[in-house]
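A quick write-up on the structure given underneath.
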Amino acid sequence: MKISTLELDQASVLTDFYNEQFSGMPYCYPVTEDEFGTGVIWHEERDEPYEDLSEESILVAEDEGGAVAGFAHVAICRRGEEHDRVGLHPIEDLLEDRIGLIRFFHYRAGARPAGQALLEAAEAHLRGFRIGQIRAFSYFGYRFHRFCHGFQSDRMGHVGALLCMNDYRITRGIILLELPDFRVPDPVLPDPGVTTRFETQPGRGKLPNMEFQLFRGDQCIGQGFAQSLGDFCRSPLAQDTFYIPWFS
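Each number in my numbering comes from the position in the sequence shown (counting from 1) with 501 added on.
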């Protein structure tokens, strides 16, 4: 098993491996080499690198035939900057001033020795910067991968199983609900005193993003935000779907 290191500007060589491994995964669309190469670097909202991260590298595991068996993207993050992204959480009290991040980690199903070697190499790399605590799949995801959520999907159970076998523990997660066939009649508000307000904003996709609010008089009683998946991914398959990150 060979472990090599890539600089971020070399990441596009992993495009075919990514597309092959995540084909058919919900909301993981095929990406081009250019999209992969920039997507692993760029911020979720801006076409520029994350300011919060440093010492980023990508470790690649290759099998005896030279084929990619997996890769791990590692970085260093200062505690306060990650704290701002993830919000208050009991684990924050346990974190040091600098923590190691495994931004992305994946290996081919059935290639557990490659996955184990890759994980150990990632941990050793981070320890080289005197890092004592590591988070895997934190909030610094790839823009094109599942709405830029860095969390590990339970659809890739072999990855989560390997991490748990190496004493990683789950500290948080999200549940995604979907409405695949969105066909509804024009809504009728049950309260004639309630009015709606919609504001569209152009994004990177075919459809605009949209903020919506409900008012009773001057009081806002409900609001939310709908984001086009085209904001995250260029694939034509992503252009007709909205993601609602929050509403209340």
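C-beta: ideal position from N, C-alpha, C; glycine also.
Nearest neighbour of residue i, chosen from the options [CA to CA]
i: Y608; options: M502, S729, L730 and G629; result: M502
i: H650; options: F537, F733 and S524; result: F733
i: P746; options: S729, R613, D564 and R670; result: S729
i: S736; options: R644, E679, F699 and F748; result: R644
Contacts around residue i, its chain only, beta-carbon distance under 7 Å, and the 5 residues preceding and following it disregarded
i: E534; result: S513 and T516
i: L738; result: Y530
Assigned secondary structure, residue i (DSSP; H/G/I helix, E/B strand, else coil)
i: Q728; result: strand
i: G629; result: coil
i: C734; result: coil
i: M711; result: strand
i: S555; result: strand
Neighbourhood of residue i by C-beta distance below 6 Å, restricted to the same chain and skipping five residues each side
i: R579; result: R599
i: E583; result: In this predicted model, E583 has a pLDDT of only 47, less than 50, meaning its place in the structure is not dependable; the value taken from the coordinates is given anyway. Excluding sequence neighbours, E583 sits near nothing in its chain.
i: E557; result: L509 and A576
i: E700; result: E712
CB contact flag (residue i, residue j, <7 Å)
i: R604; j: F641; result: yes
i: A570; j: A576; result: no
i: L715; j: G723; result: yes
i: V689; j: R717; result: no
i: L507; j: I559; result: yes
Same chain, Cβ closer than 8 Å to residue i, neighbours up to 5 away in sequence not counted
i: V660; result: F606, H607, Y608, G616 and Q653
i: P709; result: T701, Q702, P703 and S729
i: L664; result: F606, L620, A637 and Q653
i: G697; result: Note on identity: in this sequence residue 697 is Thr, with Gly being the wrong assignment. L690, F713, Q714, L715 and F716, listed in sequence order.
Bridge-paired residues (DSSP) for residue i
i: G538; result: Note: G538 sits in no beta bridge, so no partner.
i: P691; result: Note: P691 sits in no beta bridge, so no partner.
i: G571; result: A562 and Y608
i: A637; result: I603
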